[in-house]
Structures are given as C-alpha cells and as structure tokens.
Amino acid sequence: MMPMRVHLARFTNDRGQPIMTYRWVPRGRPRALVLMLHSIAEHSMLYDRVGQTLATKGFYVFAHDHAGHGISGGERGHINDITDLVSDARLHVAFIRQAFPNYPMFILGHSVGGLIAMLVSYVMEIQGLILISPYLVSTEESVPRDFLPILRELDLRNPRRHIERADFPLMAADESVVRVLRMDHLCYSGDWTARTICSLLDLSESALDYLWRITAPFIIMHGIKDKVCDMEGPVRVTEESSSSDSQMKDGRVVMASAFALQLKTTGTQERSVRSELTEEICERKLHIE
C-alpha cells in the first residue's frame, strides 16, 4: 500500500508562535480522533508510521511540533515554562473538537508528550489516553540527584545557562534509532538550559499530585530498562488515578515498543508494536465499537 499523504497546516499559539500541524486522514467516516504528542527534542514526523497505521484503521490522526521543535516557531534549547506546551496542546484539542464535535477524542503521548497528554486530560474531557513511557519521575541516570541543588542554583542565577545536551543513546536503546535521531536535522541535538530542565522537573512533580484527575481509560507502555523515565511514574498513575479502566504493560517486548514507534523502517518489531497499539485503541480497552 502506498503511503498516504500527510496534510500540513499551522495555527498561532497565544504567544504568537506558529505551530506546525499534521493530519493523517482516513477514508470514509472516522471512527475516532487521535492527537499524537512527541517528546522533547523530537518532531511529529518521527511518528509518521504510527499515524499511517492508525489512519488505515479508520482513525483521524493529528499531531503538531511543539514550540521550539521541528518546524514550529520558538527558540531551540530553551523553554521558559513547559506549561506553555500544555497550553498549545489544549488549543490544538479545542481546534480539533470544533471541527469534529461528535467524535471520541484520544491522546497518544511519548515521554514528555505523555506528561503533556496527562495534563491536558486533567482539564479537558478526553475519551482515552495512550501513554508511552510518560515523563513523570526521572531516572538517576538522566538527572543525578546530587546534581539537583546545582541545577536549581543555576536556574536562579543564570536560567539561560546551557548545561545539558540531548542524549539520544539515553532516549533509545536501539542503535538504529539513535542513528536516525542523530541524522535527522529536525531533532534538536544541542544543549538545554537550566530553566528548561527545572521547568520540566517541576511540572512532572506537580502532575503526580493530581493523578486522581485522570478519569478516562488509559494504557501505559513503559520499558523496564528505560534510562530516562523511571517506572515509579506509571506505577503511581495506575494506583492513584480515578479511571476504572486501565492497563499497564511492561516487559522486554513493550520496552522495545517505547522506542520502536520512532523507527522509519518496517521491521517485524515495529509492525508488532503498531498492531498492538492499534488493536488496543480500536477494540477493548478504549471502548470503541
């Protein structure tokens, strides 16, 4: 089957920045709407195959490059407040809802995108969440605890100090994925500021205080060997959310799935992951007939 055309458009956020959007359009009447949210340092077209797969199953799929990422506007390497990205996602959801008012709405988010998806669901009605290694608790390897006091001091004294480069080997265990990320000029490989990192840590910590706000069905896929997002986060989501329908998946196969979503090849592993994800969205767990 020939790859479907990806439709591009833009909207302007409340800070005057142009935000690039993407749409994968199914044939016929959509079964539901899915907004995909990428992680930090990435861009939406890394998830093209996910969008293609879901659209062939009848889902109308949307995505956007976060401010400061991909081909959206905004400064690279510095985000003064990560909640700005949440606001942009809420705005995109509102636009989608306005255009398609009578369809179920789901959000799929990877890592920081998963955190954003959760925060959107705290204040907007969403029919389901698909969280891929959501960024809620950082690992010691990604943010050493003894470095936190230094980081906080830098944020106070020089918030724009660039201190941490995007570490693609931490983001993906598969060397082929690391190569893709490094060669992709739309992936940000430079340094991040102290303010960006502190804002992300603050927002993830705050999100953990309001997990009871999650009432929609959700699925979490998380790698037990994830080097960025600690397993404590997904465990707390399943224990503290108010949703009566949830499923947490872990293990080696799903560990690979947290990163296989980014592959631009069509290997057996990726096909398996996409099929599993699509099946879960389409059928039992998110109650779409």
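Residue 370 in the numbering used here sits at position 107 of the sequence shown, with consecutive numbering throughout. In this text, a Cβ means the ideal position worked out from N, Cα and C, and glycines have one as well. Note that the structure is a prediction, hence the values are computed from the model and not measured.
Candidates the options: closest to residue i by CA position
i    : options                   : result
V491 : L300, Y285, R294 and V406 : V406
C461 : L271, R353, R423 and R268 : R423
T284 : A304, R294, A295 and D311 : D311
L392 : P412, D347 and S374       : S374
T275 : S335, L296, V500 and R292 : S335
L399 : I389, M381, L348 and V386 : M381
E404 : D418, S506, V498 and D493 : D493
I282 : D347, I413 and L417       : D347
A470 : V443, R499 and R442       : R499
M387 : G377, M368 and G376       : M368
S350 : P497, Y473, R278 and D447 : R278
G376 : R415, E416 and D328       : D328
E468 : E416, E495 and L354       : E495
Residues near residue i by beta carbon distance below 7 Å, same chain, minus five either side
i    : result
T531 : Residue confidence is low: T531 scores 42 on pLDDT, short of 50, so the model does not pin down where it sits. No coordinate-derived value is stated.
R420 : none
R515 : Here R515 scores only 31 on pLDDT, less than 50, and its place in the model is too uncertain to base an answer on.
Y473 : Y385
P497 : P397, I483, H485 and M511
A352 : L300, I379 and V383
R442 : none
Within 9 Å, strictly: CB atoms of residue i and residue j
i    : j    : result
G372 : Y451 : no
I554 : S384 : Here the chain has residues from 264 to 552 only, and residue 554 is not among them.
H270 : L449 : no
H332 : I303 : yes
V297 : F322 : yes
L300 : A326 : yes
A295 : Q390 : yes
W455 : I413 : no
T459 : I342 : yes
A457 : D409 : no
Residue range of the unbroken alpha helix (DSSP H) whose run includes residue i
i    : result
G372 : Run containing G372: none in the alpha helix (DSSP H); it sits in the beta strand (DSSP E), M368 to H373.
K412 : In the sequence as displayed, the identity of residue 412 is Pro instead of Lys. Per DSSP, P412 belongs to the alpha helix (DSSP H) from L411 to R420.
A470 : A457 to L471
V498 : E495 to E503
Delimiting residues of the beta strand (DSSP E) encompassing residue i
i    : result
I389 : Premise fails: I389 is in no beta strand (DSSP E) and is neither H nor E.
T284 : P281 to W287
M267 : Run containing M267: none; DSSP gives neither H nor E here.
V297 : A295 to L300
M484 : F481 to M484
Residues of its chain near residue i, where Cβ-Cβ distance is below 6 Å and the 5 sequence neighbours each way are ignored
i    : result
G291 : none
K280 : A small fix is needed here, since residue 280 is Gln in this sequence, not Lys. If we look at Q280 and ignore the five residues flanking it on each side, its Cβ neighbours are A330, G336 and G337.
D508 : P480
R534 : Note that R534 has pLDDT 46, beneath the 50 cutoff, so the model's placement of it is unreliable and the number below is only indicative. Counting only Cβ-Cβ distances below 6 Å, and skipping sequence neighbours, we find nothing.
I345 : S462, L463 and L466
CB contact check: residue i to chain C, cutoff 9 Å
i    : result
Q280 : This model lacks chain C altogether; it includes just one protein chain.
Own chain, CB closer than 8 Å to residue i, minus 5 neighbours either side, in chain order
i    : result
M267 : W287, V288, Q315, A318 and T319
T402 : D489, K490, V491, C492 and D493
P293 : G321, F322, Y323, F363 and Y366
W475 : E503, S504 and S505
I359 : L296, L298, F325 and M368
R415 : C461
Residue i Cβ short of 8 Å to the ligand ATP heavy atom set
i    : result
P412 : Because no ligand of any kind appears in the structure shown, any question about the ligand ATP cannot be addressed here.
**Asked** What are the uninterrupted segments assigned as alpha helix (DSSP H) that are 4 or more residues long and contained completely in the segment 313-349, given in chain order?
**Response** none
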